[in-house]
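The next block holds one structure in the form of structure tokens; read it before the comments.
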Amino acid sequence: MAAAGTCGTGTRSTGSMVAAASTNNVTSFQRRGPRASGADSGCSRLVSIAGTRRSVRNGQLLVSTGLPALDQFLGGGLAVGTLLLIEEDKYNIYSPLLFNYFLAEGIASGHALLVASAKEDPADILQKLPAPLIDHSYKKECDEDICGHKMESDIKMKIAWRYQLFPKMESSDRYIHVSDDNKYQLIETSKWHGFFLPEKISSTFNVESCSLTSGYMKLLQFIQNIIYEEGFDGSNPQKKQKNILRIGIQNLGSPLWGDDICCAENCDASHSVTKFLYILRALLRTSLSASCIITVPTHLIQNKAVIARVTNLSDTVVGLESFIGSEKETNPLYKDYHGLIHIRQIPRLNNLIYDISDVKDLAFKLKKKLFTIEWVQDNYLRQERNIYPPGFSYLLKQKDSAWGEGSLQHSTFLMSFLAKATTFASRLVRHCEPLKQTGSGRIRQAAGPRLWHDGRRQEAPGLLVTPP
Amino acid sequence: MFPELNNLLNTTPEGAEQGKLTLLCDAKTDGSFLVHHFLSFYLKANCKVCFVALVQSFSHYNIVGQKLGVSLTAARERGQLVVLEGLKSAVDVFFRPREEPHPLQFLRSANAGDLQPLYAFVRDALQPVDSGEAAWRCPVLLVDDLSVLLSLGVGPVAVLDFVHYCRATVCQEWKGNVVCLVHDSGDTEDEESDVLLNGLSHQSHLILRAEGLATGFCKDVHGQLRILWRRPLQPNTHQDRSLTYQYKIQDKSVSFFAKGMSPAVL
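Sequence lines, in order, name chains Z and H.
For the first sequence, counting from 1, position 222 maps to 242 in the working numbering; every step adds exactly one.
For the second sequence, counting from 1, position 30 maps to 1526 in the working numbering; every step adds exactly one.
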């Protein structure tokens, strides 16, 4: 806790501990601000393992998932010893990105990696990892962007005050797919182990089946060997510095692993993947310093009960839903985004409560190779404020109601979305004093400055009034 | 132990009932706070507890227990608490198998295993010792949770058999209590889970069901708790009594209130 106090505020959007590595590797756990890289001398003594930080709430050791925005929604990061399950999107386009960010973050922090795949050679996966962002001009642009956002949030919203209660999301990650010489150096110096199923399946194996498919059995043995030999479970006293092992398993449950939960509804090996997850979680919990990311094609699993069991057996579950090919692609609300991201489960570790953000509608977009996560309503608000700038009051009318003075929170654009019905366009009126109640008072209505004001109708309603 | 829940259930650590099966059930939410409640409740009631912890590590329960006022390590040292850590033992039995039967032996079996070694472990742990020293009040078996056993390849009938054996020994013979947590799968058609849940519901004396709100996530009300008192041996007499409360989980306690009376709303 003292470390968090001296090294940064540790709050959600700003301030994280600086990685105490000697080389200039950039992790997403970095202090954001003008003194970006110069502040590690004071903190390096207090940080025990590079690339990790302590949770503010309960002192849990956290590692970054590679995306600061996702860390924010997961309560600061992924706890060491837990399992992150990514439910793949339909065509498996965006989940490999999250997988790669997790591994790239490990390389940048100097963690050891274990990559397991049945589809792609782990060496190839590592070659295609995004490189950390070392471009200083872009970083400055990011910081300016963040400062700009901060200033915007300081202007108190008078009309749309309800929106002020919602958090402002700043999210940009630090990884871009650039080929950089530094990247290859980093990969060569980092310690990684690969498990490629077609290579391992041919060797003979002499253990009873335990109702796991042989691919899963071999993978578990492999992981257990690495954890034991490299000392990640504290069994061998490590002479070198304590380090984190990041395990990544791709496409678990797909037929390439020999599992048939994606092929048939009543499958024979339905307990295979759940048993595998249980033993894997047991390995992670008993080792003091390993955390794991798994991607599972849940959209292919036909038996919903298996999906529920898989979710219950994991710690953190994040689901991706891309808009490609679905009817949401044409929805104007989602036009800037590529998909939705659902945080389905967050673990309660050492605690009765857990960090859960209030914002539930999250969408992601991939623009110029930057993966950002935003609250969907935020975009709406920005569009609305361009059309109806704050500082004015408006005459609004919804179907079958009278024209009334209203504020932006009841404006037509938002109401037509919420009410799922058409609303008449509002008219822009600027006036200096509050409108008087006109008519008999049975209906609460007000008229514009030149309308029915003194009993004689002077002008048709809804004309744009030029400011005096 | 949450004092408000004790009031709702009308129990105190001194006057805890004996010979009862309590079923904890959760649907669409996490009901593990009930497990923490009963664990600390029975430890404070001076009962001998056998805790089969299959889902989380011992340190998790210990840290939460300290917030609730009991120290699990101290209880374990003085012999009041026997813990079977599922995660740690699973690694042992899976990768370093030995000849003698292990409570989690079913992990190594190729087809649906049976839970006899687990029952033997529970029986040995809760056997009343006639040494004449200050005996514990009554034996209690606490299982967290039974749905994990279904995921590990054990059939629902085997789990029901295990609970039946434990009930016969712990509840009937030794006048103790059994508390177990089961997940309700809801609308995902998990037949095995439904069989297990229905079978246990008919055998239990007290059912605590934690449900998520039907309208979705709410920051101030985390869920709804339904309490149902039953008499499994006399089905025709009195109607079962049922109460519903909503709750909010805080750092060290859980506050309960009537439906719609959340302090955030009033």
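Heads up, the beta-carbon is just placed ideally off N, CA and C, and yes, glycines get one too.
Residue i at chain H interface by Cβ criterion, 9 Å
i, result
"S61/Z", "Summary for S61/Z: the model assigns pLDDT 35, below 50, so the residue's position carries little reliability; its value from the coordinates is reported in the next sentence. False, the Cβ-Cβ gap to chain H never drops below 9 Å."
"L239/Z", "no"
"A284/Z", "no"
"H291/Z", "yes"
"R32/Z", "Unreliable placement is indicated for R32/Z, whose pLDDT of 36 sits below 50; the coordinate value is still reported in the next sentence. It does not; no Cβ of chain H falls within 9 Å."
"R73/Z", "no"
"T2/Z", "The requested residue 2/Z does not occur in the structure, where chain Z is confined to residues 21 to 488."
"N78/Z", "yes"
Backbone CA spacing between residue i and residue j [nearest angstrom]
i, j, result
"D253/Z", "P1635/H", "35 Å"
"L1637/H", "R1604/H", "25 Å"
"S311/Z", "K385/Z", "26 Å"
"P116/Z", "S231/Z", "29 Å"
"E172/Z", "L1645/H", "Note that E172/Z scores 43 on pLDDT, short of 50, meaning its location in the model is unreliable; the coordinates nonetheless yield the value given after this. About 53 Å."
"V1531/H", "I106/Z", "28 Å"
"I1703/H", "S1697/H", "7 Å"
"S307/Z", "Y374/Z", "23 Å"
"G235/Z", "L1693/H", "33 Å"
"H131/Z", "S377/Z", "28 Å"
"R1574/H", "Q1668/H", "26 Å"
"L1677/H", "Q92/Z", "31 Å"
"L1600/H", "A1616/H", "11 Å"
"L369/Z", "V135/Z", "26 Å"
"E394/Z", "K1715/H", "20 Å"
Classification of residue i by the beta-carbon crowding that lies within 10 angstroms, buried from 16 upward
i, result
"L1739/H", "exposed"
"C283/Z", "exposed"
"M1757/H", "exposed"
"G1511/H", "exposed"
"V1625/H", "exposed"
"F1713/H", "exposed"
"P1597/H", "exposed"
"K295/Z", "buried"
"E125/Z", "buried"
"P1499/H", "exposed"
"P1652/H", "buried"
"Q270/Z", "buried"
"I267/Z", "buried"
"I344/Z", "exposed"
"Q147/Z", "exposed"
"R1727/H", "exposed"
"T346/Z", "For the record, residue 346/Z in the displayed sequence is Ser; it is not Thr. That one is exposed."
Chain-ordered chain Z contacts of residue i [CB-CB under 8 Å]
i, result
"A1586/H", "Y298, I299 and A302"
"Q1746/H", "L372 and I373"
"T1684/H", "K324, A325, I327 and A328"
"S1536/H", "Within chain Z, no residue comes near S1536/H; the closest Cβ sits about 11 Å away, beyond 8 Å."
Any C-beta of chain Z under 9 Å from that of residue i
i, result
"A1523/H", "no"
"H1698/H", "no"
"D1640/H", "no"
"E1596/H", "no"
"F1529/H", "yes"
"E1687/H", "yes"
"S1758/H", "no"
"V1750/H", "yes"
"K1544/H", "no"
"S1553/H", "yes"
"S1681/H", "yes"
"K1563/H", "yes"
"D1526/H", "yes"
Chain Z contact residues for residue i, given Cβ-Cβ distances below 9 Å
i, result
"V1560/H", "R368, N370, N371 and L372"
"H1701/H", "Correct list: empty, because the minimum Cβ distance to chain Z is about 26 Å."
Amino acids of chain B, ordered along the chain, whose beta-carbon sits closer than 9 Å to that of residue i
i, result
"K380/Z", "The question asks about chain B, but that chain is absent: this structure's protein chains are Z and H."
Contact set between residue i and chain H, taken where Cβ atoms lie within less than 8 Å
i, result
"Q244/Z", "V1587 and F1591"
"S231/Z", "S1605, A1606, N1607 and G1649"
Chain H contact residues for residue i, given Cβ-Cβ distances below 7 Å
i, result
"T315/Z", "By Cβ distance, chain H contributes nothing, its closest Cβ being about 20 Å from T315/Z, past 7 Å."
"T306/Z", "L1583, K1584 and V1587"
request  = Return the residues of the segment 121-143 of chain Z that lie within a Cβ-Cβ distance of less than 7 Å from chain H, sorted by chain order.
outcome  = Listed in sequence order: no entries.
query = Given a limit of 7 Å on CB to CB distance, which residues of the segment 1606-1628 of chain H reach chain Z?
reply = Listed by position, the residues of the segment 1606-1628 of chain H near chain Z (Cβ gap below 7 Å) are A1606 and N1607.
request  = Could you run through the segment 323-342 of chain Z and flag, in chain order, every residue whose CB is less than 8 Å away from some CB of chain H?
outcome  = So the close ones are K324, A325, I327, A328, R329, N332 and L333.
key: Positions along the segment 1642-1675 of chain H whose CB lies within less than 8 Å of some CB in chain Z   = If the cut-off is 8 Å between Cβ atoms, the segment 1642-1675 of chain H has S1643, V1644, L1646, S1647, L1648 and G1649 near chain Z.
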